[in-house]
Amino acid sequence: MPVIFITDFLIFLLLFGVVAFFFYGRKQEHLAAPWRDVRKRSLAMSSAVILFFFVCIGLFDSIHFHPKIETDKSTEKIYSNEILSVLDILLSDLRLKNEKTYSAPLASYSFSKEMIEQENGKKIRAYPRLIYGGASLNNPESESTADIVKRISLGFLYGLLISAIIINLIIFVLSKLMRASYRTTLHNCLLNKFNTHWLAIFITTLTIIITICIICSLSQNYHVFGTDKVGQDVLYQALKSIRTGLVIGTLTTLVMLPFAIAMGLMAGYFRGWIDDVIQYLYTTLNSIPGVLLIAASILLLQVYISNHADDFNSIEQRADLRLLFLCIILGITSWTGLCRLLRAEALKLREIDYVQAARAFGVQNYKVIFRHLLPNVMHIVMISIVLDFSGLVLAEAVLSYINIGVDPSMYSWGNMINSARLEMAREPIVWWSLAAAFIFMFILVLAANLFSDAVRDAFDPRLREF
Amino acid sequence: MTRKLIKIVNRLIFRTCRTPYFFIWVPLFCIACGPSSWNNPYPYQESNELVYYDSFSERPKHLDPVSSYSSNEYIFLGQIYEPLLQYHFLKRPYELAPLTAINLPIAIYQDKDGKILAEDSKAEDIASVKYRISIKPGILYQPHPAFAKDKSDNYLYHKLNLTDLKDIHTLSDFDNTGTRELLASDYIYQIKRMAHPRIHSPIAGLMEKYILGLDKFSDELKNIYQIKLNSGFLNLNDHELSGAKLIDKYTFEITLKEKYPQFLYWLSMSFFSPMPWEADLFYSQKGFAEKNISLDWYPIGTGPFMLTENNPNRRMVLERNPNFRGELFPIDGENKDRDIGLLDDAGKKMPFIDKAIYSLEKESIPAWNKFLQGYYDTSGIVSDSFDQAVQFNTQGDAQLTEEMEQKGIKLLTTTTASTYYMGFNMADDLVGGNTERARLLRRAISIAVDYEEYISIFANGRGKPAQGPIPPGIFGYVSDETGINPYVYQWENNKAIRQSVEQAKELMSKAGYKNGRDEITGKPLVLNLDTPAAGPGSKASFDWLRKQFAKLGINLVIRATDYNRFQEKMRKGTAQIFQWGWNADYPDPENFFFLLYGPNAKIDHNGENAANYQNEKFDLLFDQMKSMKNGPERQKLINQIVELVRYDAPWLWGYHPVGFSLHHDWYKNAKPNLMANNTLKYKRINPKLRAEKRIEWNKPIWWPIVIVLFVFSVILLPAFILYRRKENQLISW
Amino acid sequence: MYALPILIGVNIITFVLFFVVNTPDDMARMHLGIKRVSEAAIVKWKDDRGYNKPILFNGRVDGTKKITETIFFQNSVKLFVFDFGRSDSGRDIGYDISQRMWPSLAITVPSLFIGLLAYISFGLILAFFRGSYVDVSGVVLCVIMMSISGLFYIIGGQYLIGKFLHLVPISGYDTGLNAFKFIILPVLVGLIGGIGASTRWYRTIFLEEMNKDYVRTARAKGLPESRVLYRHVLTNGLIPILTGVVVILPSLFMGSLIVESFFAIPGLGSYTIDAINRQDFAIVRSMVFLGSVLYIIGLILTDISYTFVDPRVRLN
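Rendered as structure tokens:
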């Protein structure tokens, strides 16, 4: 039975919007040209591929449903109250293989010593074997290294094979599109003679797929990033956190976009008292320290949820509402920057002759705004969306620290860092949760930063020559 | 050209060096030259003084002894105020001893006609109970401006107006102080303050039930107060309280309405500290509250220490009270105490330290690391640093790790008189009520939630699974086979083993929830758990709890809210399952059973029975048991009561945490005492050893910084060469 | 001026938000503690703090008191004269703020100025070596450092310098000159955390400046590169940088939320976080108000600084 969270809905709305915008933008030369420029950049294309993989994981994690329960009577359909996503099904291996408590990455033994009763009834304190980690080994102490090496190389080979197939497929399709022979297409790709930097794409895809395959082959028998305090796989948590990060990074801008565009353009276009009111509005909002506003709003939501506890019969729903609310609040605190930019741009645009002409002909105001102003500020909107993304992902972590971020039951890097922070004091130190959150977050933010740099450079040509 | 660029940077740097920053560089060198370590958070001059260092994590809210009711406030209050009685520092089981009283008060029971009754007479016959208490003469208050008098014996600071207060921000801004002898009337004054309309005393309701005339007194004050609302000070000496009578300067009498042997325990708590009327008047002057000068911030006591710095943002400082009479260290204790040196100081004058500095540490890790570096004398162990500090040997006993042993750190453990439980709301339709179905469900859950695992994961094994409401160390607790909860445990190999999940599943089937599905509707069972815990740390325990309920096929929805909302839910009784805990007020089983007493139910009576458990038989037995003397008869009753509640299972009995505390080698006379709050006076510090160890443990390590700088310059070297080349090129161009 | 209406707006927003979130009942309960709290005690507490009054309009009293004897007036309007009143735990907020301001400044002011110095130098160096490996690797390093969450810098710094190297106390604060050893680490961490974004930004500013005509002229004159950089680019590039700094100057008083609570510095940042966690909304409201006032002062200062930098701009 499918379940649609509000954020799921918005994510797919956003996806739809992006696709629509893509087709719209293709026809607009002033939007399409900079994108061609982005496509030529190797770094941008590599980051795009990385982002693509992240987005895919996020999307898989955004399709939710109640799984069916096996019953004795086959006629009735009974659904569990649990809510799973497609990603959970794909990762059910990781999700269900829970140990008792901490275990290090690739370990076969538990992290801490425990009282073990031996067969002869004697008790010793030793590191117990894990239930799943290294389960297939008889004697992990001597075999595990060899086993790990074997699995890595196996994964590597599989990765090589799969990525070879994918890359060849792409080249094949390209050659069909170009109406050229496979050989020349390959040649052109490798020598980088196309408008798009295919070589970068191929190398990144190769690396990612090999990494995925290695991780897959290792997770058959190990916890690649270890397990946390209650024995959950850290890799699974890090993967589940991707959706949270993406939602915060994208929906926030999406939520504030209509306001920012409408207000900014109106203020710049109409000037006069409308401008004054809008300026007053955003200066007031801006002057409230953002963190405090977020804190108050999150508390407000908590009050609402606990007063209407019966409307939310699952943790996931509560967490989702909180996530959405966080996006909205972050949007409210961050829309003013874009609004101000757009106002300035609109002030400039309204003096341009074709806008003046349209006004002189008595075209209605909203039509002028829609037809003439909006398309001309689209690039500013795009730049700010892309630029805000990484900042928002990072902000989530900080907010979680003060307990005003996403719901504590939700998987997010902020929550991971936060609980891992205390683990640093353990001896030997439990570093893997922190490391996993760090690596995933770092890759996503780095890719986003590099990509946004390229986008900004392409659309904002002032600095291009450097 | 290079020179130019460097010059820019240099000029900027040197300019900052020359001006204000210069003043910052100088102390740095002072620190470096001083004989103390770099990372010493205290001034090094302090190193050789008799100072005790500790931390506090939460700011005390009230330091007014009549409203304070939490352990983080007792840390300070216990050292400052002296109630009539105290717990003996060394003896176990806990025993009351006189503090300012000359001896332990003895109850005199009287019937309606004033005839004196024997102690074991029936509770119904007793009409009043009298305690006559005499205090030691010659006890002096700490120096305090409220007592300051001028030459003509008039109080200096009792008639201040707002202009006098202009330069006053803290109590120490008053130039003069004075003192006065402790009188019996000060204790009466404090008892009256419980009924004061402006002050919230958490035990006012309870005491009104017992102390004769206190309820009427409270109403009387309320009326008077409303009339003279704005005058501020209400002299309680002008109003008579029938239950507390002054006999002479050092003697007074308290009258109770019914037999209540636990009353003596209350007399040892800070609620019954003496309060001089001068202080009350002093602090109720206009303008004082606005400047934070109030009893909540500046206590006034007769104890061994006085609060000299109250900066809850950073630190609290207690200093030796110069007027302290010099109580003597106890001369007797448990048998083993002499062997481990706890009686070395027997008969010596206390306190042994001059000053105690408590620094605010909100984060546990910095606090822990500072303890390891020697900057705190004692420390608890948070779950995350447990493995570093403690390991269990093959017998399952806790031992310090080698690292700790080498540092000379000592470990003390004790099972606390507390219980952490998970309660069912008995007013709930699904899990509550007296039906067999709900009872079976509750019992199944009791088995499924594996507290042994909880303790090992979340408390590092520092806990004892509970068999009933009473923790070990409290009368009524049974430690052997007969003491186990037969509905959850079975006795195997000389220990209690939790029944298997299969047995729990069987109970579920019996209750009509086969595989966690309601047989009538076919729907999976969903239960709600309310808990005030929120924050990222609690996620792990939520996951764990859901896993436990999932064993029975139950889907647990955890509703984490803030503490306010949680309390409101509990009051309204809308929660289904909840987690809570209780710390003993005093070592008596009554203090735990009353949490299940029907007339204490949260919904109807706003009492402490959060589970809203109602059982007439229980209530009857409880009434009988509560005023009995400890002995085999009481034990028999207690066993009956325990069996009743085990059968009904209104709580998952949860566990009793075991307290672990560490202290350094230079800290002496440490013995865990869960009941006493005034233990600082017994402590001894060896500052010389401490100073040595601190230096030994905190040698600064420089080489990584040097390496980083070196690597950095190696990276920049080619750039420098490039730069030279570029400049040359430019010039030629 | 526009300051007053904005402050009124802020005040109304915060009042509405906080009183919806946190009713006086909640405050009382939070304050009264855990064990044995009765309803009567809650009513008593509310009476005592003046939270039993009506929210906006008091019909029970006469004259102007109809307006002044209300929660809104008592708690919000008084802020305008900087009468912060007492926190829910009974302390004088104004006094607390004046006390806790200094530790905050002790962290933020050095962070800002040393940071400015360092970032400008780095930016200048990168701009100077534009296109070379120094520039490229510098920019890459900046992007990498930008992509790391600030929390990691704090955790890492505390762990490494405080715990392993024994160079500075792990956390805490002291008054007077002793504060120095406590602020080194927070300032350093703040510095490193900001390197990525700021250096890159300053580099762009300098590059933009370097591409202007007058710089080309200067170069054409045969001025050596470093002199061009120092004389023209730095001085002109500083203008946008410094005017940008002026905005945040007043808000330095507010301290930094995360750094202060990690390093246990008793400044206004940790004051705010504590208040949020303790739900002491009298303090949070005051801090919101203070923040807005400081922000507006920043805006005014920026306007003034523009008139200094660019004589064409006039304050009207």
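Taken in order, these protein sequences are the chains called X, S and E. To convert, take the position in the first sequence, counting from 1, and add 498; that gives our numbering. To convert, take the position in the second sequence, counting from 1, and add 8; that gives our numbering. Mapping to our numbering: the third sequence position 11 is -5, numbers consecutive. Think of the CB as a built atom: it goes at the ideal place given N, C-alpha and C, for glycine as much as any other residue.
Taken through DSSP and simplified to helix, strand or coil, X:S785 comes out as helix. Between the alpha carbons of S:K634 and S:H204 lies a gap of roughly 29 angstroms.
Chain-ordered listing is empty here: chain X has no CB closer than 9 angstroms to the CB of E:P234, the nearest sitting near 11 angstroms.
Contact note: X:K621 reaches chain S through T402, using a C-beta cutoff of 7 angstroms and chain order.
A straight line joining the alpha-carbon of S:P374 with that of E:A111 spans about 41 angstroms. Two segments are said to touch when three or more pairs of C-beta atoms, one from each, lie closer than 8 angstroms; by this definition the region 360 to 367 of chain S touches the region 57 to 71 of chain S.
Within a 10 Å sphere around the beta-carbon of S:Y89 sit 16 or more other beta-carbons, which makes this residue buried. With a threshold of 9 angstroms between beta carbons, E:V152 makes contact with chain S. When DSSP reads this structure, S:G589 sits in a beta bridge with S:Y428.
Taken through DSSP and simplified to helix, strand or coil, S:Q475 comes out as coil.
Residue-level contact by beta carbon fails for S:R67 and chain X, as no gap is shorter than 9 angstroms. A contact between stretches requires three or more CB pairs, one per stretch, nearer than 8 angstroms, and the region 225 to 234 of chain S fails this requirement with the region 309 to 319 of chain S. Minimum Cα-Cα distance from S:K580 among the listed residues X:R841, X:S804, X:V943, X:Q854 corresponds to X:S804.
By the criterion of a C-beta distance shorter than 8 angstroms, E:V123 is surrounded in its chain by L110, R184, R187, once the five residues flanking it on both sides are discounted. Looking at the backbone, the Cα of S:L289 and that of S:I176 are separated by about 17 angstroms. Among the bridge pairs identified by DSSP, X:H562 is matched with X:V501, X:S583. Taking the C-beta atoms as reference points, X:A935 is found no nearer than 9 angstroms to X:V928. X:Y780 counts as buried, since no fewer than 16 other beta carbons sit within 10 angstroms of its beta carbon. The CB of E:T256 comes closer than 9 angstroms to the CB of P787, V789, L790, A793 in chain X, given here in chain order. When the beta-carbon positions are compared, E:P224 and E:L285 stay at least 9 angstroms from each other. Under DSSP, the beta-bridge partners assigned to S:G388 are S:S669. E:M129 and E:Y103 have their alpha carbons spaced roughly 13 angstroms apart. Annotation note: the region 73 to 153 of chain S contains the following uninterrupted alpha helix (DSSP H) runs of length 4 or greater, listed N- to C-terminal: 79 to 88.
Taking the C-beta atoms as reference points, S:K547 is found nearer than 9 angstroms to X:P906.
At least one CB atom of chain S sits nearer than 9 angstroms to the CB of X:I567. Residues of chain E with a Cβ closer than 7 angstroms to the Cβ of X:M939 are, in chain order, S133. Short of 7 angstroms from the beta carbon of S:K144, and not among the five residues preceding or following it, lie these beta carbons of its own chain, in chain order: T108, I110.
The beta carbon of E:L135 is closer than 8 angstroms to those of I242 in its chain, skipping five residues each way along the sequence. S:I114 sits exposed, since fewer than 16 C-beta atoms from the chains shown fall within 10 Å of its C-beta. Against E:K147, the close residues of chain S are N377, in the order they occur along the chain (beta-carbon pairs closer than 7 angstroms). A direct Cα-Cα distance of roughly 57 angstroms separates S:D436 from X:T705. Looking at the backbone, the Cα of E:F68 and that of E:V268 are separated by about 11 angstroms. By the Cβ test, the region 385 to 402 of chain S is in contact with the region 670 to 682 of chain S, since at least three Cβ pairs between them sit closer than 8 angstroms. Separation of the CB atoms of X:K621 and X:M613 is rounded to 6 angstroms, and the pair is thereby assigned contact status at 8 angstroms. Residues of the region 882 to 896 of chain X with a C-beta atom less than 8 angstroms from some C-beta of chain E are S888, L892, A895, V896, listed in chain order. A contact between stretches requires three or more CB pairs, one per stretch, nearer than 8 angstroms, and the region 861 to 870 of chain X meets this requirement with the region 760 to 778 of chain X.
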